[in-house]
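Numbering (our numbering), first residue to last: 2 to 307.
Notes to accompany the following structure.
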Amino acid sequence: MKLRRLLFEAGNAALRPLGLTLGRLEGDFQTSAPKGTLHDLILVSLTDVWGHWYDAMAADDSIGYTPKITKREFTERVLDFLDDYRTFTGKNMRSGGLLLNNTLSLFAVAAYFDAPTIIDSGTYTGNSAWALSRACPAAAIKSFDITHVALRHREPGVTYHLGDWSGIVTEPVSGNAFGFFDDHVDQVRRVEECAARNIRYLVFDDDTPVNASHTGHNTASFPKLSFIYSDPLRRASLVEWNRLGKEFAVPIDHERLDYARSLIAHYSRLPDLFPATGCTHQWPLAVVVLKKPSAGSEERGRVTGA
Ligand SMILES: C[S@@+](CC[C@H](N)C(=O)[O-])C[C@H]1O[C@@H](n2cnc3c(N)ncnc32)[C@H](O)[C@@H]1O
Numbered sequence: 002m003k004l005r006r007l008l009f010e011a012g013n014a015a016l017r018p019l020g021l022t023l024g025r026l027e028g029d030f031q032t033s034a035p036k037g038t039l040h041d042l043i044l045v046s047l048t049d050v051w052g053h054w055y056d057a058m059a060a061d062d063s064i065g066y067t068p069k070i071t072k073r074e075f076t077e078r079v080l081d082f083l084d085d086y087r088t089f090t091g092k093n094m095r096s097g098g099l100l101l102n103n104t105l106s107l108f109a110v111a112a113y114f115d116a117p118t119i120i121d122s123g124t125y126t127g128n129s130a131w132a133l134s135r136a137c138p139a140a141a142i143k144s145f146d147i148t149h150v151a152l153r154h155r156e157p158g159v160t161y162h163l164g165d166w167s168g169i170v171t172e173p174v175s176g177n178a179f180g181f182f183d184d185h186v187d188q189v190r191r192v193e194e195c196a197a198r199n200i201r202y203l204v205f206d207d208d209t210p211v212n213a214s215h216t217g218h219n220t221a222s223f224p225k226l227s228f229i230y231s232d233p234l235r236r237a238s239l240v241e242w243n244r245l246g247k248e249f250a251v252p253i254d255h256e257r258l259d260y261a262r263s264l265i266a267h268y269s270r271l272p273d274l275f276p277a278t279g280c281t282h283q284w285p286l287a288v289v290v291l292k293k294p295s296a297g298s299e300e301r302g303r304v305t306g307a
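Next up, the structure:
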């Protein structure tokens with residue numbers, strides 16, 4: 002093993018009991034930058050990927066949404082965002098927040114749905130709120146976190162709130178609102194909260210497939226959306242794993258998973274951009290579209306956490 006690698010591993014071993022690790026800068030067009038033809042090839046690939054995604058979403062009747070933007074305008078906006086991202090000084094330089102692929106994906110979905118009201122749960126450095134404001138400059142964007150210690154970029158026009166969104170947004174929101182959840186909180190709870198507050202278009206980070214649950218380091222962020230759609234899980238009452246010597250167990254509440262499923266019109270995973278950009282791989286984001294509230298009622302379910 003090279004000396005540098007040995008020192009890196011020794012540093013990590015010393016920090017592990019404190020729950021800390023040494024990080025490394027990610028190669029998201031910062032430590033390496035494609036030029037000329039290589040850059041153009043990435044743009045061609047992204048145009049292809051997002052063009053297919055646009056077609057599939059527009060053709061999916063369960064979503065019940067006709068995009069206001071044409072496919073050509075949409076893919077052009079996605080490519081333009083790459084230039085914005087390159088020069089954005091608030092971007093995350095290491096994992097812990099969204100890196101290029103998922104920031105670009107968040108921008109794309111938000112630009113597609115173009116909602117008038119946007120919730121960003123998990124402000125962290127301010128990266129996702131910034132991407133959402135680029136996607137929907139006219140939207141009212143509210144960003145929530147339980148701490149602002151990591152907040153580096155405050156975007157004019159975005160309002161930043163301390164606390165869980167469910168205790169702050171206590172009434173149903175008018176119009177078809179959009180929510181991004183990257184807050185390490187139970188994702189089924191977030192679906193229930195959104196249904197009660199009329200947030201219809203949802204994007205989630207960290208929706209790991211059930212079989213990757215063992216990569217999780219807390220149980221507060223479970224169940225994931227993937228639990229709602231796992232047929233093998235129908236036979237289980239518990240998902241358990243061991244990570245770095247710690248035991249974790251998530252009980253499976255089938256009734257709750259079924260209820261969440263009954264609220265959802267569409268669930269899919271966004272395209273994996275790693276093969277297109279070569280930038281750091283993270284689990285692709287997940288998209289959920291909730292069913293429209295029944296006629297005559299703007300509200301559905303009970304507003305919890307209020
Ligand atoms: C992975 S980071 C968010 C990354 C960010 N969205 C980005 O674009 O890089 C997760 C954040 O969720 C926050 N968090 C934890 N519990 C929360 C809660 N109940 N509501 C909102 N944010 C919460 C953490 O403090 C942390 O800043």
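The beta-carbon is built from N, C-alpha and C at its ideal position, and this holds for glycine as well.
From a predicted model like this one, the values you see are computed outputs, not experimental measurements.
Element boundaries [alpha helix (DSSP H), containing residue i]
i: N102; result: L101 to F114
i: H255; result: H255 to L264
i: A136; result: N128 to A136
Residue i classed as buried or exposed, judged by whether at least 16 other C-beta atoms fall within 10 angstroms
i: I147; result: exposed
i: D81; result: exposed
i: K293; result: exposed
i: N212; result: exposed
i: K247; result: exposed
i: V150; result: exposed
i: P276; result: exposed
i: N177; result: buried
i: K225; result: buried
i: A196; result: buried
i: V50; result: buried
i: S144; result: buried
CB-CB length for residue i against residue j, believed under 8 Å
i: A287; j: D208; result: 4 Å
i: D187; j: F223; result: 7 Å
i: L264; j: L291; result: 6 Å
i: I200; j: I120; result: 6 Å
i: L76; j: T38; result: This sequence places Thr at residue 76; Leu is not what is there. About 19 Å separates the two Cβ atoms, so there is no contact after all.
i: E194; j: S167; result: 5 Å
i: S122; j: F181; result: 7 Å
Pair within 9 Å by beta-carbon distance, residue i and residue j
i: T126; j: G91; result: yes
i: S295; j: V251; result: no
i: V79; j: L203; result: no
i: Y55; j: P68; result: yes
i: A136; j: A112; result: yes
i: H282; j: D273; result: yes
i: R236; j: V189; result: no
i: L271; j: V110; result: yes
i: L99; j: F30; result: no
Closer than 8 Å: residue i CB and nearest ligand 2 heavy atom
i: I200; result: Ligands present in the displayed structure are limited to ligand 1, and ligand 2 is not among them.
Endpoints, beta strand (DSSP E) assigned at residue i
i: L291; result: A287 to L291
i: F30; result: From DSSP, F30 is part of no beta strand (DSSP E); its letter is neither H nor E.
i: P252; result: K247 to P252
**Study point:** Entirely enclosed alpha helix (DSSP H) segments - the region 51-107, minimum 4 residues
**Key:** 72-88
What residue ranges within the region 153-202 form continuous beta strand (DSSP E) runs of no fewer than 3 residues, ordered along the chain?
159-163 and 178-182
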